[in-house]
Amino acid sequence: MEKIKYWLQEHWAAIMAWYDGLEPLYQYGVLFLLIIAVILLFSFYSLRKVTR
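Residue numbers for the sequence shown, in the numbering used here: 375 to 426.
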């Protein structure tokens, strides 16, 4: 987790420049995919805890 936080802090400006350069439709697509990824990760983590 610390490596991910460090990587995001290091590359945040480049990520935001890329995101701001996208057309609005693609920005919504990226947000949608991020939300779906977070939901999937949370559900897999929850299922793993429940099935143990």
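Cβ atoms here follow ideal geometry from the backbone N, Cα and C, with glycine treated the same way.
How many angstroms separate the CA atom of residue 403 from the CA atom of residue 384?
-> Roughly 24 Å separates the two Cα atoms.
What is the rounded straight-line gap between the Cα of residue 409 and the Cα of residue 378?
-> If you take the alpha carbons of residue 409 and residue 378, they lie about 18 Å apart.
Where residue 422 sits in the DSSP three-state scheme | Under the three-state reduction of DSSP output, residue 422 falls in the helix class.
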